[in-house]
Amino acid sequence: LGRERARWSGQVLDTIDYCGFIGRSPGNGNVFIATGDSGQGMTHGALAGLLIRDLIVEGSNPWEAVYAPDRTPPAAFAQYVNENLTTVKNLAGYLLPGEIKSADDLKPGEGGILQDGLSKLAVCRDCDGTLHRHSASCTHLGCIVHWNSTEQCWDCPCHGSQF
Numbered sequence: 001l002g003r004e005r006a007r008w009s010g011q012v013l014d015t016i017d018y019c020g021f022i023g024r025s026p027g028n029g030n031v032f033i034a035t036g037d038s039g040q041g042m043t044h045g046a047l048a049g050l051l052i053r054d055l056i057v058e059g060s061n062p063w064e065a066v067y068a069p070d071r072t073p074p075a076a077f078a079q080y081v082n083e084n085l086t087t088v089k090n091l092a093g094y095l096l097p098g099e100i101k102s103a104d105d106l107k108p109g110e111g112g113i114l115q116d117g118l119s120k121l122a123v124c125r126d127c128d129g130t131l132h133r134h135s136a137s138c139t140h141l142g143c144i145v146h147w148n149s150t151e152q153c154w155d156c157p158c159h160g161s162q163f
């Protein structure tokens, strides 16, 4: 097939009730958002165009409450609590030893968490063999990242950020 010329990866954001967030941004009624489409970007993109147009021009839309970014569906409360417990459990990882004992043990394309005194380092060796060291704390909420060998990046298990 030839050499790889480009690479793409994507992440899908599912909301708690699997219904996208489309409408006025909470905290600023003059900002409109469309996200959480569960991989249905074409459908939700068209829907967002219609709904947001009505919110701007008409002031409302019959479907506004269904897609409102500030909605809190009661049936999803248990899942919400469970997802947030993931964050708490992950923060407990600061008390555990690192996954690897030495960065010297890493082969090209591998990564792991290394204990460095009282802190954790995310250490990986790229495909060329160059060693990279970064804080293992996600910049969002401080959860400890995990190595994603497929994408050759660090994933945050708490909210899906990639580094």
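Following this note's numbering, the numbering of the sequence shown begins with 1 at its first residue and continues without gaps. Here a beta-carbon is modelled for each residue, glycine too, at the ideal position from N, C-alpha and C. If you're wondering where the values come from, they're calculated on a predicted model, not measured in any experiment.
Check                                                                                                                            : Outcome
Beta-carbon proximity of Cys156 to Cys138, cut-off 8 Å                                                                           : yes
Extent of the continuous alpha helix (DSSP H) to which Gln162 belongs                                                            : Careful: Gln162 lies outside any alpha helix (DSSP H) and carries neither H nor E.
Environment of His134 [buried if 16+ CB atoms lie within 10 Å]                                                                   : exposed
Span of the alpha helix (DSSP H) around Ala46                                                                                    : Gly41 to Val57
Residues near Pro108 in its chain [Cβ-Cβ closer than 6 Å; skip 5 each side]                                                      : Arg125, Cys127 and Gly129
For Asp14, the nearest candidate out of Glu64, Gln79 and Ile113 (CA to CA)                                                       : Gln79
Continuous beta strand (DSSP E) stretch holding Ala34: start and end                                                             : Asn28 to Thr35
At least three beta-carbon pairs within less than 8 Å, the stretch 46 to 63 to the stretch 17 to 29                              : yes
Contacts around Pro97, its chain only, beta-carbon distance under 7 Å, and the 5 residues preceding and following it disregarded : Gln115
Short Cβ contact (8 Å threshold) for Cys153 with Thr86                                                                           : no
Coil, strand or helix - Asn148 by DSSP                                                                                           : strand
When Ile144, Arg7 and Leu131 are compared against Asp212, the one with the closest alpha-carbon                                  : With the chain covering 1 to 163 only, the question about residue 212 has no answer from this structure.
Endpoints, alpha helix (DSSP H) assigned at Gln79                                                                                : Phe77 to Leu91
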